[in-house]
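Using my numbering, count along the sequence shown one by one with no gaps and you end on 140.
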Amino acid sequence: MVADFAENHEKDGETIPVYKELEDGRIMLRVKQKTFEYKGEKILPQPLFFDAKGKRIESGVPNIYGGSKLVVGVEAVPFATQETVRENGKRVTVTSFGVTMRPKAVQIVELGTMGGASADSFGFESHEDGFDAGSQSFADYAEEDKQDAAEDDF
């Protein structure tokens, strides 16, 4: 039914992809987990965690920072929402369909460190003929900017 709706109503709504295929063949997947209430207490379900060898991490799950390489097992949860909108002066009910990816298990293949992000982890590559920061610090650049500004003053 959802596929039928999508085929026949492509132009009625916006399609937001659940994943993005990267140039190197990897897939970036949008996942999220919602809290639920149980006996008056809000609970955030936690996925199971495994190390690179497949051993379950029972306690002490490390902080996962940028640059980490993960394998994520997800549960695809379909949903439908309805809202009433005004279109050409008339009230129209619009139904939207989608799928949410909820993380169920995470395997930590490589663990990034806090502040340990590198140009590679952001997908940057080297440009040999471009700007080279060398050994100058931020303070050096700030001082140069001050001097340049003072010279530009009339």
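Heads up, the beta-carbon is just placed ideally off N, CA and C, and yes, glycines get one too.
Keep in mind the model is a prediction, meaning the values are calculated, not measured.
Roughly how many angstroms separate the alpha carbons of residue i and residue j, rounded to a whole number?
i: valine 60; j: glycine 75; result: 42 Å
i: valine 80; j: phenylalanine 65; result: 14 Å
i: glycine 52; j: arginine 16; result: 15 Å
i: valine 85; j: valine 63; result: 5 Å
i: tyrosine 5; j: lysine 18; result: 13 Å
i: serine 82; j: glutamate 73; result: 16 Å
i: serine 45; j: alanine 105; result: 32 Å
i: alanine 38; j: asparagine 49; result: 15 Å
i: histidine 148; j: lysine 20; result: What is shown of the chain runs -13 to 140, which leaves residue 148 out entirely.
i: isoleucine 13; j: glycine 109; result: 13 Å
i: glycine 40; j: glutamate 9; result: 28 Å
Beta-carbon within less than 8 Å of residue i's beta-carbon, same chain only, minus the 5 sequence neighbours each way: which residues are those?
i: phenylalanine 22; result: Lys28, Ile29 and Pro31
Just to confirm my understanding: we take residue i, look at its own chain, exclude 5 residues before and 5 after, and list those with CB closer than 7 Å. What are they?
i: glutamate 69; result: Val80
i: serine 54; result: Ile94, Glu96, Leu97 and Gly98
i: valine 47; result: Phe35
i: valine 71; result: Val78 and Val80
i: valine 58; result: Leu15, Val17, Pro89 and Val92
i: methionine 87; result: Val4, Leu15, Arg16, Val17, Val60 and Ala62
Is residue i buried or exposed, if buried means 16 or more other CB atoms sit within 10 Å of its CB?
i: glycine 98; result: buried
i: asparagine -6; result: Because asparagine -6 carries a pLDDT of 46, less than 50, the predicted location of this residue cannot be relied on, and the following value inherits that uncertainty. It counts as exposed.
i: alanine -11; result: Low confidence applies to alanine -11: its pLDDT is 45, below 50, so where it sits in the model is not reliable, and the reading given next is rough at best. Exposed.
In the DSSP assignment, what residue or residues form a beta bridge with residue i?
i: lysine 55; result: Glu96
i: glutamine 68; result: Thr81
i: glutamate 114; result: Glutamate 114 is not bridged to any residue.
i: lysine 28; result: Glu23
i: phenylalanine 35; result: Val92
Within its chain, find whatever has a CB closer than 6 Å to the CB of residue i; leave out the 5 residues flanking it on each side and keep chain order.
i: methionine 100; result: Tyr51
| message | With a threshold of 8 Å, are at least 3 pairs of Cβ atoms found where one atom belongs to the region 87 to 103 and the other to the region 17 to 33? | response | yes
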